[in-house]
Structures are given as C-alpha cells and as structure tokens.
Amino acid sequence: MAEQTTQIAHPLEPFLRKTTIPHIWCPGCGDGTILNSFVTALKELEVNLDKIAVISGIGCIGRIAGYTNTDSFHTTHGRPIPFAVGVKLANPELNVIVISGDGDLFAIGGNHFIHAARRNIGIKVICSNNFNYGMTGGQQGPTTPLASRTATTPFGNIEHPFNLVHLAAASGAVYVARWTTLHVRRMTESIKKAIQKEGFSFIEIVSPCPEIYGKASKIGTAMDFMNWFKKASVIQNFSDPAQAEITAEKIPVGEFVDVEKPTFEKLLREMTAQAQGKVTGGA
Amino acid sequence: MRLEVRIAGFGGQGIIRAGLIVAMAASLYEDKNAVQTQSYGPESRGGSCRSEVVISDDEIDFPKVTDPDILVVMSQAAYTRYAGTLKSGGTLILDPDMIPQQQTMHDKRIYKVPATKMAEELGKTIIANVIMLGALTSITRIVDAEAMKKAILSNIPKGTEKLNLDAFEKGYEYGKKVLEESNA
Amino acid sequence: MSTKKLWRKPLDIEKFKVPKAEICLIKDRCKGCGYCIQFCPRQVLEESEEINVRGVHPPKVVNPEKCTICGFCEAICPDFAIFVLEKPNEKKETKEAEKNERKK
Amino acid sequence: MSEKNKAILTGRHFFSGDLACAEGALAAGCRFFGGYPITPATEIAERMARRLPQVGGTYIQMEDEIASIAAVIGASYAGLKAMTATSGPGFSLMQENIGLAVMTEAPCVIVNVMRGGPSTGQPTMAGQQDVMQAKWGSHGDYEIIALTPSTVQEAFDLTIEAFNYAEAYRVPVMIMMDAIVGHMWERVTIPPADQIKIVNRKKPQVPREKYAPFKPDEDLVPPMAVFGDGYHFHATGLTHDEEGRPRTESIKTQQTLVQRLCDKIRKNADKIIQIRETMLDDAEIAVVAYGIEARAAWSAVRKARNAGIKAGLLRLITLWPFPEKQVAEVAKKVKTIVVPEMNYGQLVREVERAAKTTPVTFLSKLGEEPHKPEEILEAIKGGKH
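Protein chains in written order, with this note's numbering: chain A, 18 to 300; chain B, 7 to 190; chain C, 7 to 110; chain D, 12 to 396.
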C-alpha cells in the first residue's frame, strides 16, 4: 500500500512555526496555498532564514507572519508596508517580505503601497487578493468586482475595482507579477525571483474565498473558484498592465514588469557615504 | 538685571534672525544668560513677525518679553502695535522710512536709523537687519560689538561675511552718531 | 529516505521507469477542499469514505502506480496535509508502512 | 572624528528646543528618524535629515504620520533606536500605532511639539492641549511615559532620558514640548560622550529554542531580540502569550498581558517620575505647572515671595505616569494649589484628583502666549487666606 497516515514530518515543517498548523484559514482558502508556496520558495532558494523578516497586516492572510518560522511581525491594519520600510532601512541585509490582503494593502494602506513602490525600497509585497474583506465577514473592498454582491454591497458593487498590477507598475515597482492560487509553481518561481531581486517587488495572487465571498458573490465553492481560475486565466507575460483588468471572463496572469532601477537603500548608502565627514557643528 | 528686547517688523526683513543674533551674542560670546522667543504668522513673507530676547545675569525664569526695555521696529504695523508696550524711559529704534506715521512719545528715547535705505546703498536690502543690529549695539550697548560680530558670523551663509560686517559697521557708526546727537 | 522529486513531467518519461511514489497524508490536517484530488494530473487520488477529526473526507490513494511524483498535490494543498516522497525500494517501504500501521 | 564624536557635539551651543531635541536624540544613540513635516516640529526633521547621514543613521520622510510611526516601530524591531517628531494633527494620526508600540513593547520616542487645536487649529502657535491625548489617545488600557521640557537644555537632556526610558521599559516615550519651548533659543551645554548616561535594551540570554519574546524578567520587562539575530520570533498587535502567539480567545492572557504592560510602568513609577520643587518647604500656596507655563509660574512665585506671600512651585517634568504621590504630598502641605495651563483644563483634573480636599484653582490660556507671571501672581494672591 502506497498511501499511509504518516508519522513522517511534512518536508516544509522546518519552515513553519511549531504548533501553528493547522492554521485558522477556512477549507479551500487560498491563503494556505500562498503560505505553502512562500515557504517552498524559501526552501528552494536555500536562503538563510535568519535574514528573512515576514511582515503582515490585518485580515485573514495577516496571520501568515505567525506561521512562518522566521522573524515576523503582525502589524495594525494597513501598516505592514511602512513597518517593513523601517525594518529594511534599519537593517538592509534583511530580506523583508510583506504578505497581506487586498483590503489591507490597497484600501487603508494604499498610500503606503504607492509610496514604497515610488521610492523603490527593496521590500517584497505579496498580496492575497480574494476580492473582499473576508475576516470581518465579507464586505466590499478595493478589488471587489463591479456589480458584485458583498455584505456591504447588497444591491451590487457600484465601485470600480483596482487593477493591482497596473497600480504597482505605475507606482514604480521594478517587478510585478500576478498569478492565481492554481498557478502554484509559477507563484513559487515569482516569489523566488522577487526575493532575489533588488528593489520594490509586487506579486498579486488571486485567491479563493469560498466561505465568505464565494457565498455572497454566488461564485460558489473553493473548487468553483479554482475552476474559474483555470478557465479564465490567460498567461500574458510582459503585456501592458493597463490592459490586465480582472473580469469574469479573463484573468490576465504572468510577469508584467521586470526592470532595474537604483533602490532607495543604494542611493541612501551613497548619500550617507558622501555625508560622512561633513559635520554640521552647533551654532 | 533683566533686560527685555523686542524686534518687530514683517516677514522677510530678518527680524527673527536679528533677535537670535542678539541672544546668541549675549549667551555664547558674553557671560550672560539669554533666551530668544518668536512669533510669526503663516506667511513667510510680508506677515507680521516679532523676535524677542531676554538677557540677564541670572537664570531666566519667564522667557517672554512683556514690557520691553528696548524696542526695534521696522514696519508701520509693528510700530503701531508695539510702540505703546515700551517701558517708560525705554529705548525705541526705528526705521523712519518704513514708519511714516509716528506719535510723539516724551518718556522714551527714540533713535531713527534708516536701515532699509542704508541697506539699499550696500546693494542688498536684506542686510537691513544687520545694520539695525549695528545701531542697536552702539546705542544700547546690550552686548559688546565683538560678541555681536561673532554671533553675526555664525548666522550667515558663507561668502557673505564682508557684506555683513560692513553692514554692521555702518549701522554701528550711524547709531553712534544719532546717540551723540541726542545727547548733545 | 530520499526526498528528491521531479517537478515536471519529463518529455522522455516513457523511456524511463517511473519511480515508485510514497504519498504521505496527514489526514487530520485535511480540510477537504479537494484540490489535490481534482488537480492531480494522473487521477491518483479520490475522496475517501472515512471522516477525519474535521468532519471531512480526506483523499485516498487509488492509483499509486500512476503517480509521477510531480508534487502538485503537495504544492497546492493549503493545509500541509499531503506530500510525496520517492520510495527507495519496496522492502523498506513495507517496513515503514507496517511500523506506522502498528502505531495506529 | 569618530562616529560617536560626530553624534555628540560636546560643547556650548545656541539651539532652539527643536534642535536640542534632535541633538539629544543623536547623543542618545538614535539612528533612525521617520517623520512627516509639520509646524512647529519640522525643524527636528530637518536637523535629523542633515545629521543622521553624517553618523551613519537613516532619515526618511514618510508619506504621512501613520507611516512614520509604523516605520519607527519597524526600525526599533530591527535594532535601532528610533524616533519621530510631530505636532497635534500628526500625533492624532499616530495614535493607532502608538498602541501597537505599546502592545509589542517597541522602544521608541515620539516628540510632539504642541500647537493649538482642535484640528488644524493654530499651526504656528503654542498650546498644551495634547497632554491628555499622550496618555489616552490610543484605544485600550496602557501606560506610556511622557516628559515635558521647560528649557532648551532640558529639551536636550530629556530626549536622552526619553530614549533611556524607552529602552529600559520597552515602551513608547513621548516628549510633550509646547511650541514656545520648541521654537525658543537658549544656550545648551552638551557634555562629553563619557558623561552621558545611555541605557540599551536587554538582549535575550537564552538560545533561540528557549526564547519567549514576551516573557518578562522580574522588572516586568522582557528581553528583546532583534530581527536578523536568528531568534525567529513573532510579534503581533493581537493579544498574545509569552511566546508571542495570538491568544485572542483567552481571558487570562488578556488580563496577564494588559496588567503587565501597565504595571511595568506603574510599579516603576518612583524610578521614572521627575519633578522639581522650588520654595515649597514652607509654602502655603503651591503652583503646579509644566513646560513653558512652569517658567511663568516660577517668575510668579518669585514675585509672590518678594511680596511676602509663601508660594512655591511644583514643576512636573514627567507628565505620565502622573506624579500623583508627589502632588498629593504637596497638597497636604499647602492650603491651596494653582494650576496654569495652555489649554481649557486638562492636567488640572489629575492634579485635583491627587490633591483630594485641597482646593485647586485653574488658570486657562488659549492661544500662543503663556500666562504672564502677573496673571499667575494674581491667582496666588487670590488663593492666599
């Protein structure tokens, strides 16, 4: 018999904080797959885990920082990016990864996102986009599709959603990719690429929220989400991010931006070197 | 012995800086205690502003000026507002070109120093405050001229030392002259 | 025990003997999303009849010989409940399985 | 010149309160500043922008005050002494993450150069209207430390002490400096580096497997690991156990944690609280004041003594934890207390509470000017029996 109820530890166990699995996420929630993909990337890169800091915000995916066996911090709602900026600038040797949700990063924290991207601070931002505020019971958010029903759009959403890859590209991110949780391998490869890249990197992961959004929007079960992703996803590497809007019919995925630009840390280092030796005295 | 100085005018005249220089001269380059406070509106140019200095041999408790012993005014608005606050017997130094409407004040010593016009002659109107400081020094002797010059030099951009010292001297000499005239 | 695995199906797979897979389940972690079953490219898994502590039916291995150790089930599982190892040889595997059987 | 010498400008200077505060921070070892320009605190940011790169530190102007305090907490967790400076409107924006700093015990210093409020209020003018907000601005029960300078020298000295308290107690420490002190220029003497007392946070003495990031020592303060040191620890704004794990469902964890966060300050209050007593020994009337008002009060007390009135001054340097015991002791000795503040009645309520039956006269001043010494003198005379 090939199958067994195993006593052998899961190979990713060393990358997960002890006693935290099972996690709090719902059956079929994409956040678990994102965690899986993220720690797989860490494992495959063979990075020094001492130099990884995982920062999260509020919402379901916010709990991810507590699950990774690295230094980690679970901030207030919307603030993982500025917190991560402080960490990165205080110790540029650290690989600082923000993993948070669409509401956290683009509603309450939207301003922080665009400015960190503009400055090209070398933090990596992974967004679990599940189209709504799952943890608080499924309210409308900045990526909720037009006309979609949520707890706070009982008559259908009248707001246009963000196209996150376009926003990231326009804000100055040097690496931008989008995948769904069905594209696990590609997701892992993108995370690996982002971790190794200098500068502000952004990966959007379109993720199922079966228990909350799935019900309100009538998309349905976790499997219905995944089947939608399978049917609608079109890989369009390096296509125009402005044209990458997510619709019911089409989810453009792929790498959209991969460019080089001096990072804030590099320019800061240069400026500091220049400033050393020039002392402003008192009066 | 507590001495209160109020310098007032409008933003852009170097009023705040002038007060700072006086306080710094007393506090760093003479063995006195001094504190400078300021008040200004949201406008960086043109709004009313005042700079106040308390100088004392003792530790200074209240740092604000209430009834100044010395008042320097460089605008009509400042004159109108503050001339009455000057202590009886106090010293008023004013730029007559900037203050066309003046009252008669018998209990105060008034010295007219056309600092703005003199600054124009030096080619830089922004130097009027330093000319005023020169006059203030020779008329009131609140601080030694050397201390004042040191304070001026540590408050100005590099390359403007000569201009500033010339302005100070010009004001100093003018002050001496008006003082002698009034004593005569 | 080797943890080496092949992520992609090699083009020349037919020429080579498919390594024997050891599909490991941590059944009580399973939340029953069914991704591993649905997205297995070789239909190795099926929903089982048994109910775990979470009240869901974890997968069971029905076509072990078809498994190519592509690891997709392991990668997509949101709950770290399934992983695949390459079986070094039949003998040792049986022992392991027996040992685990006894522990139950 | 070594970096340390560059950071500590030993000697006599003529500084504003804002500049002295920045120099105090550098002398204390602050190497990160995240801020957002706001009158009348901008000079602190400007000074830090120029000075931090010279000593190998980092200055960043963030997109707003929310980001500023978040970055400060991040830098603190990455091992640097970190600070931000703001005024009322920015202080309001920071409140949420001040709570985060309290909850995750992030040592940091927040300077609030107080202007007139509410709202945008009087940007270029002074107030003492944020002193209650310093203690109660964020939600939940917590204790912070707040210091208030009355002189420019104190702006320098207290900023160093603020960092020392922050490091010792793992708590946000606030410098509540009214705009008059912030913009006031006076002489500051900076001592040689070896004469400046510096406190650094306790580091864990146990290996990673045994490290519980929120397990306190006897002083109720847990040793603090730093990101990158290999401890792989987790911190969260959620209610958490000693391991740092969220325990939002546990009543006991909430009680233990919140009580400890408060008690580490309350039980060390005697070590933290600083006051100055002037002519209080035989006083019948006490003026209790802080910041710029304390200097007006000092002048008033001198004038009262000259007029034969037995007045004295209790100057509060520590506003929070409130010097309750110290005020109570003074209240027992005197017949009446006068409290002048540049607000419409804030810290006076704490004074009243501590003074119990001793009558308290409140003097309010709103707008740029502090009380004139004569106004306080009048109140002293009015309270004389």
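We put the CB at the ideal spot given by N, CA and C, even for glycine. Note that the structure is a prediction, hence the values are computed from the model and not measured.
Worksheet item: Short check: CB of T161 of chain A to CB of F148 of chain A, under 8 Å?
Response: If you number the first sequence from 1, residue 161 of chain A lands on position 144. If you number the first sequence from 1, residue 148 of chain A lands on position 131. In this structure, F148 of chain A lies closer than 8 Å to T161 of chain A by Cβ.
Worksheet item: Run through DSSP, which three-state label would G216 of chain A get?
Response: In the first sequence, counting from the first residue as 1, residue 216 of chain A sits at position 199. Coil.
Discussion item. Going by C-alpha to C-alpha distance, which of D:P224, D:E253 and D:L231 sits closest to A241 of chain D?
Written reply: Counting from one through the fourth sequence, the residue named residue 241 of chain D turns up at place 230. Contrary to the premise, residue 241 of chain D reads as Gly rather than Ala in this sequence. Closest by alpha carbon: D:P224.
Item to complete: Would you give the residue range spanned by the alpha helix (DSSP H) that V182 of chain D belongs to?
Response: Position 171 of the fourth sequence, counting from 1, holds the residue named residue 182 of chain D. Taken as a continuous stretch (DSSP letters only), V182 of chain D belongs to no alpha helix (DSSP H), as it is neither H nor E.
Discussion item. Tell me the residue span of the beta strand (DSSP E) that contains Q42 of chain B.
Written reply: Here residue 42 of chain B refers to the residue found at position 36 of the second sequence. Start and end: N39 to Y46.
Worksheet item: Would a C-beta distance cut-off of 8 Å place I80 of chain D and I109 of chain D closer than the cut-off?
Response: In the fourth sequence, the residue the question calls residue 80 of chain D occupies position 69. In the fourth sequence, the residue the question calls residue 109 of chain D occupies position 98. Cβ distance < 8 Å, so I80 of chain D and I109 of chain D count as in contact.
Worksheet entry | Three-way DSSP call (helix, strand, coil) for T143 of chain B in this model | One-based indexing of the second sequence puts residue 143 of chain B at position 137. Residue state, collapsed to three classes: helix.
Fill in: Unbroken stretches of the beta strand (DSSP E), 3 residues or longer, contained in the region 92-154 of chain B
97-100 and 115-118
Discussion item. Comparing C-alpha positions only, which one of B:A190, B:D101, B:K130 and B:V59 sits nearest to N170 of chain B?
Written reply: As a position in the second sequence, residue 170 of chain B is number 164, starting the count at 1. When only C-alpha atoms are compared, the closest one is B:K130.
Worksheet item: Name the chain E residues that come within less than 7 Å of R35 of chain C, Cβ to Cβ?
Response: Here the protein chains are A, B, C and D, and chain E is not one of them.
Discussion item. So for Y150 of chain A, helix, strand or coil by DSSP?
Written reply: Start at 1 with the first residue of the first sequence, and residue 150 of chain A comes out as number 133. Residue state, collapsed to three classes: strand.
Worksheet item: Of all Cβ atoms in chain A, is any one closer than 8 Å to the Cβ of Y88 of chain D?
Response: Taking the fourth sequence and counting its residues from 1, one reaches residue 88 of chain D at position 77. Chain A contact via Cβ: present.
Worksheet item: Can you find a CB in chain B that lies within less than 8 Å of the CB of A187 of chain D?
Response: Translated into positions along the fourth sequence, residue 187 of chain D becomes position 176. The residue you asked about is not Ala; residue 187 of chain D is Met in the sequence shown. Chain B contact via Cβ: absent.
Worksheet item: Thinking just about the alpha-carbon of each residue, which of D:D141, D:E340, D:C41 and D:L291 is nearest to the one in S130 of chain D?
Response: Along the fourth sequence, read from residue 1 onward, the residue named residue 130 of chain D stands at position 119. Nearest of D:D141, D:E340, D:C41 and D:L291 to S130 of chain D, Cα basis: D:D141.
Practice prompt. Could you tell me whether the Cβ atoms of V90 of chain C and V67 of chain C are closer together than 8 Å?
Written response: Position 84 of the third sequence, counting from 1, holds the residue named residue 90 of chain C. Position 61 of the third sequence, counting from 1, holds the residue named residue 67 of chain C. Cβ distance not < 8 Å, so V90 of chain C and V67 of chain C don't count as in contact.
Practice prompt. Give every residue of the same chain whose Cβ lies closer than 7 Å to the Cβ of M195 of chain D, excluding the five residues on either side of it in the sequence, and list them in chain order.
Written response: Taking the first residue of the fourth sequence as 1, we reach residue 195 of chain D at position 184. Contacts found: S27, G28 and V163.
Worksheet item: Between M353 of chain D and D189 of chain D, is the Cβ-Cβ spacing less than 8 Å?
Response: On the fourth sequence, residue 353 of chain D is found 342 positions in, with the first residue counted as 1. On the fourth sequence, residue 189 of chain D is found 178 positions in, with the first residue counted as 1. Contact: yes.
Fill in: When A:A190, A:R202 and A:L106 are compared against F238 of chain D, the one with the closest alpha-carbon
Walking along the fourth sequence from the start, residue 238 of chain D turns up at place 227. Of the listed residues, the one whose Cα sits closest to F238 of chain D is A:L106.
Worksheet item: Quick one: is F25 of chain D near chain B, going by C-beta distance under 8 Å?
Response: As a working note, residue 25 of chain D is residue 14 in the fourth sequence. Closer than 8 Å to some Cβ of chain B, the Cβ of F25 of chain D qualifies, so yes.
Practice prompt. Buried or exposed for T87 of chain A, please, with buried defined as at least 16 other CB atoms from any protein chain shown within 10 angstroms of its CB.
Written response: Counted from its first residue, the first sequence places residue 87 of chain A at position 70. Buried, since its Cβ has 16 or more Cβ neighbours within 10 Å.
Worksheet entry | Three-state secondary structure (DSSP) of Q206 of chain D | On the fourth sequence, position 195 is the one that residue 206 of chain D refers to. Of the three classes helix, strand and coil, the one that applies to Q206 of chain D here is helix, per DSSP.
Item to complete: List the residues of chain A that I82 of chain C touches, going by C-beta distances under 8 Å, in chain order.
Response: Working through the third sequence from its first residue, we reach residue 82 of chain C at position 76. In chain order: T50, N53, T198, L199 and V201.
Practice prompt. Sort A:S234, A:G294, A:V191 and A:P178 by Cα distance to A261 of chain A and report the nearest one.
Written response: Position 244 of the first sequence, counted from the first residue, corresponds to residue 261 of chain A. Ranking A:S234, A:G294, A:V191 and A:P178 by Cα distance to A261 of chain A puts A:P178 first.
Worksheet entry | Buried versus exposed, by CB contacts within 10 Å (16 or more), D67 of chain B | In the second sequence, counting from the first residue as 1, residue 67 of chain B sits at position 61. Looking at its Cβ environment, which holds 16 or more other Cβ atoms inside 10 Å, D67 of chain B is buried.
Worksheet item: Cα separation between S89 of chain A and G90 of chain D?
Response: As a working mapping, residue 89 of chain A is identified with position 72 in the first sequence. As a working mapping, residue 90 of chain D is identified with position 79 in the fourth sequence. So the alpha carbons of these two residues sit roughly 14 Å apart.
Discussion item. For the alpha helix (DSSP H) containing R360 of chain D, name the first residue and the last one.
Written reply: As a working mapping, residue 360 of chain D is identified with position 349 in the fourth sequence. Run containing R360 of chain D: L358 to A366, per the alpha helix (DSSP H) assignment.
Worksheet item: Are the Cβ atoms of V71 of chain A and T50 of chain A separated by less than 8 Å?
Response: As a working note, residue 71 of chain A is residue 54 in the first sequence. As a working note, residue 50 of chain A is residue 33 in the first sequence. Cβ atoms of V71 of chain A and T50 of chain A: not closer than 8 Å.
Discussion item. Would M138 of chain B pass as an interface residue toward chain D - the criterion being a Cβ-Cβ separation below 8 Å?
Written reply: As a working note, residue 138 of chain B is residue 132 in the second sequence. Taking Cβ atoms only, chain D never reaches closer than 8 Å to M138 of chain B, which makes this a no.
Worksheet item: In its own chain, which residues sit with a C-beta less than 7 Å from the C-beta of H150 of chain D, not counting the 5 before and 5 after it?
Response: Along the fourth sequence, read from residue 1 onward, the residue named residue 150 of chain D stands at position 139. Same-chain partners within the cutoff: G110.
Fill in: Endpoints, beta strand (DSSP E) assigned at L91 of chain D
Position 80 of the fourth sequence, counted from the start, is the residue given in the question as residue 91 of chain D. No beta strand (DSSP E) contains L91 of chain D, which DSSP labels as neither H nor E.
Worksheet item: So with Cβ pairs under 8 Å, would you call T143 of chain B a contact of chain D?
Response: Within the second sequence, residue 143 of chain B is the residue found at index 137, counting from 1. No, no contact with chain D.
Worksheet item: Which class does R195 of chain A belong to by DSSP, given the choice of helix, strand or coil?
Response: Here the question's residue 195 of chain A lines up with position 178 in the first sequence. R195 of chain A: strand per DSSP, three-state reduction.
Worksheet item: So R8 of chain B is in the beta strand (DSSP E); what residue range does that whole segment cover?
Response: The residue labelled residue 8 of chain B in the question sits at position 2 within the second sequence. From DSSP, the beta strand (DSSP E) with R8 of chain B extends over R8 to F16.
Item to complete: Mind checking who T85 of chain A pairs with in its DSSP beta bridge?
Response: As a first step, residue 85 of chain A must be located in the first sequence, where it is residue number 68. Partner(s): A:L33.
Discussion item. So P64 of chain C and K33 of chain C are supposed to be a Cβ contact under 8 Å. How far apart are they, rounded?
Written reply: Mapped onto the third sequence, residue 64 of chain C falls at position 58. Mapped onto the third sequence, residue 33 of chain C falls at position 27. About 4 Å; that satisfies the 8 Å criterion.
Worksheet item: Count the other CB atoms within 10 Å of the CB of E197 of chain D; is the residue buried (16 or more) or exposed (fewer)?
Response: The residue labelled residue 197 of chain D in the question sits at position 186 within the fourth sequence. It is buried - the Cβ of E197 of chain D has at least 16 other Cβ atoms within 10 Å.
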